[in-house]
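One structure below.
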Amino acid sequence: MAAIYLQSWLQGVIEDNLRTDAEFRRFSGKERASSFTRSDVESYRDFNLRRTLRYAYEKSAFYRERFDRAGMKPSDIAGYEDLVKLPLTDPRDLAQHPYRFLCIPQSAVARPCIFVTSGTTGPQKEIFWSRWDLERITDFMAAGIGTVAARNDTVQILLFDGRPYSQADLLRRGILKFGASPVVSGAARSPEEQLAVLEKSHSAILFGYAGQIYRMTKELEALRDLESMGLKALFLAGEYLPAARRCELESIWNCRVHTHYGLTEMGLGVAVECSAQNGYHFNEADLLLEIIDPATGRRSKPGEEGELVFTTLTREAMPLIRYRTHDLSRLIENPCPCGAVSLLRFDAVRKRLESIVRLSDGAEIYPALFDDLLFAVPDVIDYRVRIMKHGGRDRLMFEIETARDTTRVLARIRRRLFSAPVICAGRDAGTMDEPHVAVVPMGSLETADRAKKMIVDSR
Ligand SMILES: [Zn+2]
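Here it is, written out as structure tokens:
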């Protein structure tokens with residue numbers, strides 16, 4: 376099978392670098408990446424890592440101090456293996472001292488980006504990008520779109536728009552670079568209006584947040600035959616997508632569903648799901664990935680769960696070195712059936728460090744666990760969950776939004792929840808009550824806030 380677009384794109388980036396950069400040619404000992412293999416990617420990665428470390432040491436007050444305090448110089452790090460000698464960068468560091476990360480004069484910042492992540496508890500952060508950074512960011516968006524769409528396809532973007540270099544605008548530019556046609560329909564239109572744009576523009580791909588597209592699909596399903604709309608793919612961002620929900624969406628629209636993993640600090644777009652629909656290939660032209668044990672900081676073995684940690688390889692305004700995402704995943708070792716044998720692949724992100732809640736019996740719960748249980752019931756649109764103490768025991772309180780409030784839907788929800796191993800184990804041990812379930816009408820839990828789902832701990 377021909378390898379996916381993302382791999383040929385990366386090969387092109389590395390070949391360009393070999394052509395134009397004599398220092399890189401000397402480092403890699405190669406004139407061209409004729410037979411493109413993993414070692415070409417690793418040599419490109421190590422070369423750009425060394426360059427980034429030298430640059431950050433020279434220009435960033437934060438990293439200069441980090442190196443000095445550790446008694447190290449950039450030349451002590453030869454490549455990926457040595458990187459573990461440097462301390463990790465936490466999102467809190469970025470929140471506290473954004474300007475100490477800045478490597479260019481403030482007048483050269485093309486786009487400051489102020490944002491809050493991890494629900495309402497995360498600190499506000501500022502990220503700065505130069506024009507060069509924005510070019511790289513839209514280059515990757517082009518490569519990500521090329522993994523899902525064909526040239527000349529129309530891609531409809533259901534994201535908030537409004538100002539230059541907004542996420543919707545950057546994606547629009549990326550789609551144009553790839554050679555497809557973008558249509559920004561925004562996030563504020565009604566489902567019927569979104570469908571009218573789709574029909575008028577002959578959109579082949581819809582790009583939006585998983586929850587938002589699912590909600591829209593369920594509202595439209597009752598009114599129109601969505602299978603006949605000619606959609607090729609839904610490209611979904613933002614949240615974990617349970618297998619049952621993916622199947623349901625694919626069947627309603629008669630198209631494929633691809634998900635995307637993004638992180639503002641890493642340039643919004645980070646990774647895309649290929650045709651194998653099992654894990655993500657990421658932007659290896661601009662990012663180096665490590666997976667670490669969040670408790671000890673040691674690198675996880677391939678296949679072992681750990682925290683995703685990224686180092687930027689090409690950023691000009693604000694390089695980030697060993698940046699903790701607090702997202703947990705693992706490397707998938709087997710070669711990907713999509714044919715991208717030179718690219719790494721990591722698994723879907725099911726847990727964030729902040730989203731894990733420990734029950735009285737020591738078991739872990741996190742939103743994706745309930746996503747898998749509840750989103751397998753077709754009429755469940757969304758839910759909220761809170762944990763309380765009741766008579767000394769844990770009690771989970773669910774508010775569940777459904778498309779139809781029937782006793783049958785409620786019975787299925789209760790059956791699935793009550794037979795979940797984590798809940799059964801707690802009940803058997805006498806540390807947990809039966810969960811409380813309240814069904815609320817469609818639209819009740821709709822929110823414009825894209826914060827990631829959390830379990831509210833009121834114990
Ligand atoms: Zn693949």
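Okay, so the sequence shown: first residue is 376 according to this note's numbering, each after it adds one.
Positions of the beta carbon are idealized from the N, C-alpha and C atoms, including for glycine.
In DSSP terms, what residue i is bridged to
{"i": "Gly583", "result": "Leu611"}
{"i": "Thr639", "result": "According to DSSP, Thr639 bridges with nothing at all."}
{"i": "Val812", "result": "Phe773"}
{"i": "Tyr655", "result": "Glu648 and Phe721"}
{"i": "Leu711", "result": "The sequence given here has Cys at residue 711, not Leu. None, per the DSSP bridge assignment."}
{"i": "Arg768", "result": "His765"}
{"i": "Met835", "result": "No information on residue 835 is available, as it lies outside the stretch 376 to 834 that the chain covers here."}
{"i": "Val732", "result": "Ile740"}
{"i": "Arg538", "result": "According to DSSP, which records beta bridges pairwise, Arg538 is partnered with nothing at all."}
{"i": "Arg674", "result": "Ile667"}
Beta-carbon separation (whole angstroms), residue i vs residue j, contact threshold 8 angstroms
{"i": "Val684", "j": "Leu463", "result": "7 angstroms"}
{"i": "Leu728", "j": "Gly801", "result": "Not confirmed; about 22 angstroms, so no contact."}
{"i": "Gln386", "j": "Phe411", "result": "5 angstroms"}
{"i": "Val828", "j": "Pro710", "result": "Reading off the sequence shown, one finds Lys at residue 828, where the question assumed Val. The Cβ separation is near 33 angstroms, so there is no contact."}
{"i": "Leu664", "j": "His635", "result": "That pair is no contact at about 16 angstroms."}
{"i": "Asp465", "j": "Phe437", "result": "Actually they do not touch by this definition, with Cβ atoms about 12 angstroms apart."}
{"i": "Ala692", "j": "Asp396", "result": "With 8 angstroms as the limit, Ala692 and Asp396 do not qualify as a contact, their Cβ atoms being about 21 angstroms apart."}
{"i": "Arg526", "j": "Phe503", "result": "Not confirmed; about 33 angstroms, so no contact."}
{"i": "Glu614", "j": "Ala585", "result": "5 angstroms"}
{"i": "Asp747", "j": "Pro617", "result": "5 angstroms"}
{"i": "Leu534", "j": "Leu546", "result": "7 angstroms"}
{"i": "Val812", "j": "Phe750", "result": "Rounded, the Cβ-Cβ distance is 15 angstroms, inconsistent with contact."}
Reduced DSSP secondary structure (H/G/I, E/B, other) of residue i
{"i": "Thr495", "result": "Bear in mind that the predicted position of Thr495 carries a pLDDT of just 41, short of 50, making it unreliable; the figure below should be weighed with that in mind. Three-state result, Thr495: coil."}
{"i": "Ser819", "result": "coil"}
{"i": "Glu774", "result": "strand"}
{"i": "Arg759", "result": "strand"}
{"i": "Phe750", "result": "coil"}
{"i": "Glu665", "result": "strand"}
{"i": "Ile532", "result": "strand"}
{"i": "Thr634", "result": "strand"}
{"i": "Met376", "result": "Here the model assigns Met376 a pLDDT of 45, short of 50, so the residue's position is not dependable and the matter cannot be decided."}
{"i": "Ile479", "result": "coil"}
{"i": "Asp415", "result": "helix"}
{"i": "Pro473", "result": "helix"}
{"i": "Glu501", "result": "strand"}
{"i": "Arg327", "result": "Past the edges of the chain, shown from 376 to 834, lies residue 327, and the structure says nothing about it."}
{"i": "Arg727", "result": "strand"}
{"i": "Lys460", "result": "helix"}
{"i": "Arg621", "result": "helix"}
{"i": "Asp468", "result": "helix"}
{"i": "Cys799", "result": "helix"}
{"i": "Asp421", "result": "helix"}
{"i": "Asp832", "result": "strand"}
{"i": "Val784", "result": "helix"}
{"i": "Arg486", "result": "strand"}
{"i": "Ile452", "result": "coil"}
{"i": "Arg407", "result": "coil"}
{"i": "Arg599", "result": "coil"}
{"i": "Tyr741", "result": "coil"}
{"i": "Arg526", "result": "coil"}
{"i": "Ser626", "result": "helix"}
{"i": "Leu428", "result": "helix"}
{"i": "Lys827", "result": "coil"}
{"i": "Leu606", "result": "coil"}
{"i": "Met335", "result": "There is simply no residue 335 to check, as the chain begins at 376 and stops at 834 in what is shown."}
{"i": "Arg839", "result": "With the chain running from 376 to 834 in the structure shown, residue 839 is simply not present."}
{"i": "Leu616", "result": "coil"}
N-terminal and C-terminal residue of the alpha helix (DSSP H) that residue i is part of
{"i": "Val558", "result": "Counting along the chain, Val558 falls outside any alpha helix (DSSP H), though it belongs to the beta strand (DSSP E) covering Ser556 to Val559."}
{"i": "Gln386", "result": "Tyr380 to Thr395"}
{"i": "Asp702", "result": "Segment Tyr698 to Ser704 is the beta strand (DSSP E) holding Asp702; no alpha helix (DSSP H) there."}
{"i": "Phe437", "result": "Ala436 to Arg444"}
{"i": "Val523", "result": "Arg506 to Val523"}
{"i": "Arg547", "result": "Gln542 to Phe553"}
{"i": "Pro694", "result": "Looking at the DSSP string, Pro694 is not in any alpha helix (DSSP H), and its letter there is neither H nor E."}
{"i": "Pro566", "result": "Pro566 to Ser576"}
Residue i at chain B interface by Cβ criterion, 8 angstroms
{"i": "Thr687", "result": "No chain B is part of this structure, which consists of one protein chain only."}
Enclosing beta strand (DSSP E) for residue i [first to last residue]
{"i": "Thr686", "result": "Gly681 to Thr687"}
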